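In my numbering, the protein residues as written are 72 to 438.
Ideal Cβ positions, reconstructed from N, Cα and C, are used throughout, including at glycine.
Only a predicted model underlies this, so the values are computations on that prediction, with no experimental measurement involved.
Accompanying notes for the structure given below.
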């Protein structure tokens, strides 16, 4: 029996003793992230472009589709009114991806409708999108059973079966009404709403293809509404891709279970919190990098030294860099690499480890 066949569907339940502490922690880290971002001097539009690009590219990667990130970036830049030094050619698909992503994170007060969802789907699958897997965008799936299947053709494993086409439109009507009503319900936690949105819509699986991507787009919309602002500073799809196997495992277990969705909510909030931690780490790294260069006289450095230092500041060589690695990255001889590293230590750009010989490594100063 699938979850949608349960008598109480879709009256989800969960263990508050487990979920409430998780929610408090996630809300705290969300607040820290938003506070840190608001205190930084930055180009908000550029930040938004980078975040949305990561969300689009990683959401497609979850489904095994590799997008041209340069083309997606140019489509987003065009939509955001940004000029690029070297714009990349866009396609109807990348323009559509940019359009529906921006609709989801900017038009926060626009009610959700089936027409809006189907428009996103139409932009996801423009006419002639692929000859190998022809999908007609902008319409619900047909009468054939919708199953998620793996294994051999003669011995298939059915991981999930969605509600039949006969009840699909009534199910969608109920979901959309709930989504719009809970947005206005101050007593309903907005992050909890995002988690349930994800599970509920992907369980309905109303489309021939693209269900996962539209589900994650709806989740982005719910999360943006939870923040009450359109500029986004994190991409949850990055965290989902990093935990792709456990993502599909928890969905399958939940969809085969009863109405208690505590395990799904735990997975969702833990992944969201990991996403916040990664974003916070990125902010701290950016602050450290800015402060670092503020104290360095770059006129005393060679081009190769600046290149290596930037690589280290961007997170490469977390265990420090040795002469051999410097030689390869900077593309200089090993004797030159040794001289460059010694000069960087003298200028206090790097700190030399106590180990000698081949074990000698050079680290960035601690903040």
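Cβ-Cβ separation, residue j to residue i (assumed contact under 8 Å), whole Å
{"i": "residue 378", "j": "residue 401", "result": "6 Å"}
{"i": "residue 239", "j": "residue 275", "result": "7 Å"}
{"i": "residue 342", "j": "residue 362", "result": "Not confirmed; about 31 Å, so no contact."}
{"i": "residue 79", "j": "residue 330", "result": "5 Å"}
{"i": "residue 262", "j": "residue 94", "result": "6 Å"}
{"i": "residue 104", "j": "residue 350", "result": "6 Å"}
{"i": "residue 236", "j": "residue 213", "result": "7 Å"}
{"i": "residue 206", "j": "residue 169", "result": "Residue 206 to residue 169, Cβ: 19 Å. No contact."}
{"i": "residue 145", "j": "residue 155", "result": "6 Å"}
{"i": "residue 177", "j": "residue 284", "result": "With a Cβ gap of about 18 Å, residue 177 and residue 284 do not count as contacting."}
Assigned exposure category for residue i - 16 Cβ within 10 Å defines buried
{"i": "residue 228", "result": "exposed"}
{"i": "residue 430", "result": "exposed"}
{"i": "residue 404", "result": "exposed"}
{"i": "residue 282", "result": "buried"}
{"i": "residue 217", "result": "buried"}
{"i": "residue 234", "result": "buried"}
{"i": "residue 161", "result": "buried"}
{"i": "residue 346", "result": "buried"}
{"i": "residue 385", "result": "exposed"}
{"i": "residue 224", "result": "exposed"}
{"i": "residue 72", "result": "exposed"}
{"i": "residue 376", "result": "buried"}
{"i": "residue 241", "result": "exposed"}
{"i": "residue 326", "result": "buried"}
{"i": "residue 264", "result": "buried"}
{"i": "residue 340", "result": "buried"}
{"i": "residue 425", "result": "exposed"}
{"i": "residue 215", "result": "exposed"}
Chain-order list of residues whose beta-carbon lies under 6 Å from that of residue i (same chain, five-residue window excluded)
{"i": "residue 393", "result": "432"}
{"i": "residue 437", "result": "none"}
{"i": "residue 247", "result": "183"}
{"i": "residue 360", "result": "384"}
{"i": "residue 289", "result": "268, 272"}
{"i": "residue 127", "result": "143, 168, 172"}
{"i": "residue 365", "result": "none"}
Spatial neighbours of residue i in its chain, beta-carbon cut-off 8 Å, leaving aside the 5 residues before and after
{"i": "residue 26", "result": "Outside the modelled stretch of the chain, which goes from 72 to 438, sits residue 26, for which no answer is possible."}
{"i": "residue 125", "result": "306, 308, 309"}
{"i": "residue 173", "result": "123, 147, 150, 151"}
{"i": "residue 503", "result": "What is shown of the chain runs 72 to 438, which leaves residue 503 out entirely."}
{"i": "residue 253", "result": "259, 264"}
{"i": "residue 77", "result": "329, 330"}
{"i": "residue 369", "result": "377"}
{"i": "residue 117", "result": "153"}
Nearest neighbour of residue i, chosen from the options [CA to CA]
{"i": "residue 267", "options": "192, 82, 174, 190", "result": "82"}
{"i": "residue 85", "options": "339, 333, 360, 249", "result": "333"}
{"i": "residue 391", "options": "164, 88, 416", "result": "416"}
{"i": "residue 49", "options": "375, 252, 211, 253", "result": "Any question about residue 49 goes unanswered here, given that the chain covers just 72 to 438."}
{"i": "residue 132", "options": "169, 312, 406, 363", "result": "312"}
{"i": "residue 167", "options": "157, 149, 181", "result": "149"}
{"i": "residue 278", "options": "188, 389, 354", "result": "188"}
{"i": "residue 107", "options": "303, 317, 407", "result": "303"}
{"i": "residue 209", "options": "219, 197, 220", "result": "197"}
{"i": "residue 328", "options": "434, 230, 299, 117", "result": "230"}
{"i": "residue 299", "options": "102, 87, 248", "result": "102"}
{"i": "residue 435", "options": "115, 340, 367", "result": "367"}
{"i": "residue 163", "options": "179, 177, 138", "result": "138"}
{"i": "residue 180", "options": "251, 364, 335, 129", "result": "251"}
{"i": "residue 165", "options": "192, 406, 317", "result": "192"}
{"i": "residue 387", "options": "373, 356, 365", "result": "356"}
{"i": "residue 119", "options": "76, 136, 220, 295", "result": "295"}
{"i": "residue 109", "options": "87, 91, 354, 178", "result": "354"}
{"i": "residue 115", "options": "87, 153, 91", "result": "153"}
{"i": "residue 381", "options": "406, 421, 348, 352", "result": "421"}
{"i": "residue 232", "options": "406, 249, 74, 389", "result": "74"}
{"i": "residue 219", "options": "406, 373, 280, 389", "result": "280"}
Contacting residues, own chain, Cβ-Cβ under 7 Å from residue i (five flanking each side not counted)
{"i": "residue 286", "result": "269, 272, 273"}
{"i": "residue 418", "result": "371"}
{"i": "residue 344", "result": "96, 97, 100"}
{"i": "residue 337", "result": "89, 93"}
{"i": "residue 397", "result": "379, 408, 411, 412"}
{"i": "residue 321", "result": "334, 335, 338"}
{"i": "residue 257", "result": "none"}
{"i": "residue 318", "result": "311"}
{"i": "residue 324", "result": "334"}
{"i": "residue 221", "result": "228, 230"}
Ignoring anything shorter than 3 residues or poking outside the region 222 to 251, list the beta strand (DSSP E) runs there in chain order.
227 to 232
4 or more residues per run - each alpha helix (DSSP H) lying fully within the region 273 to 304:
282 to 298
Quick one: which unbroken alpha helix (DSSP H) runs of 4-plus residues sit fully inside the region 78 to 120? Chain order, please.
87 to 110
Extract the residue ranges of the alpha helix (DSSP H) inside the region 147 to 191, only unbroken runs of 4 or more that lie entirely within it.
For the region 147 to 191, the full-length alpha helix (DSSP H) segments reaching 4 residues or more read 163 to 177 along the chain.
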